[in-house]
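Written out below as structure tokens is the structure these notes cover.
Numbering (the numbering used here), first residue to last: 102 to 341.
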């Protein structure tokens, strides 16, 4: 934690001439961008894997049909197909898993009060939205900072939602297959999960909220680029 705090402080010192009192907030944004940049190669690998799985969808459907009465043989055949094509079903999870430690460090660093005294304009980085409401209300100085963050998150979530709804998921589960009803329900409601970020921003310390907002915005732009040549719904698998 001390090393992490020192890193944030050093970044803030470098940004002080440009951002003055909001240098620590700017350091958090920069740190988040550096984390996302570091895991970008994994995001590219996840995108390649998703495209490969989309390409293999007809073969997977054929295997499910061929081994419908033998689930064990079907699972073995699917694993063999993935191995032969060098496709990992878990590749899409790696970018999110590797970002988790950075987020929790940011959360604990500011919620513990070790970085007290830093703010984003009128909103202290260690405070929550409830504190902003208690100190001036929705349109108070701190409340306006949160309104700006909510607006950005809502814009990104709306973009993700419309992009996901515009095209169907590339890999569908055939009717009658195990899990078909669940898959259909997830395909219908998964795009709405983008809006859950609004709740996260409201309940975590502002420093962690900045991390979430920056990471979510990066993820939307990254997915738009990496999945520009395939159905948008596929890219939700690697969302923050």
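Backbone N, C-alpha and C fix where the C-beta goes; we use that ideal spot for every residue, glycine too.
{"query": "Assigned secondary structure, residue 162 (DSSP; H/G/I helix, E/B strand, else coil)", "result": "helix"}
{"query": "Neighbourhood of residue 336 by C-beta, 6 Å cutoff - its chain only, sequence neighbours within 5 removed", "result": "Its pLDDT being 43, under 50, residue 336 is placed unreliably by the model, and nothing is read from it."}
{"query": "Per-residue burial, residue 316 [other beta carbons within 10 Å of its own, 16 or more giving buried]", "result": "buried"}
{"query": "Reference residue 116, options 106, 146, 164, 127, closest by Cα", "result": "127"}
{"query": "Where residue 132 falls, given that 16 or more other Cβ within 10 Å makes a residue buried", "result": "buried"}
{"query": "The segment 292-299 / the segment 252-268 touching (three or more Cβ pairs under 8 Å)", "result": "yes"}
{"query": "Residue 226 beta carbon less than 8 Å from that of residue 306", "result": "yes"}
{"query": "Burial state of residue 196, where buried means 16 or more other Cβ atoms lie within 10 Å", "result": "buried"}
{"query": "Residue 177, enclosing alpha helix (DSSP H) - first and last residue", "result": "172-185"}
{"query": "Residue 222 classed as buried or exposed, judged by whether at least 16 other C-beta atoms fall within 10 angstroms", "result": "exposed"}
{"query": "Residues bridged to residue 221 (per DSSP)", "result": "224"}
{"query": "Exposed unless 16 or more other CB atoms sit within 10 angstroms - verdict on residue 211", "result": "buried"}
{"query": "Check whether residue 178 and residue 164 have beta carbons under 8 Å apart", "result": "yes"}
{"query": "Beta-carbon separation (whole angstroms), residue 239 vs residue 200, contact threshold 8 Å", "result": "So it is not a contact: roughly 30 Å between Cβ atoms."}
{"query": "Counted within 10 angstroms of its Cβ, other Cβ atoms place residue 314 as buried (16 or more) or exposed", "result": "buried"}
{"query": "Three-state secondary structure assigned by DSSP to residue 328", "result": "coil"}
{"query": "Residue range of the unbroken alpha helix (DSSP H) whose run includes residue 304", "result": "297-304"}
{"query": "Buried versus exposed call for residue 154 [16 or more other C-beta atoms within 10 Å across all chains shown]", "result": "buried"}
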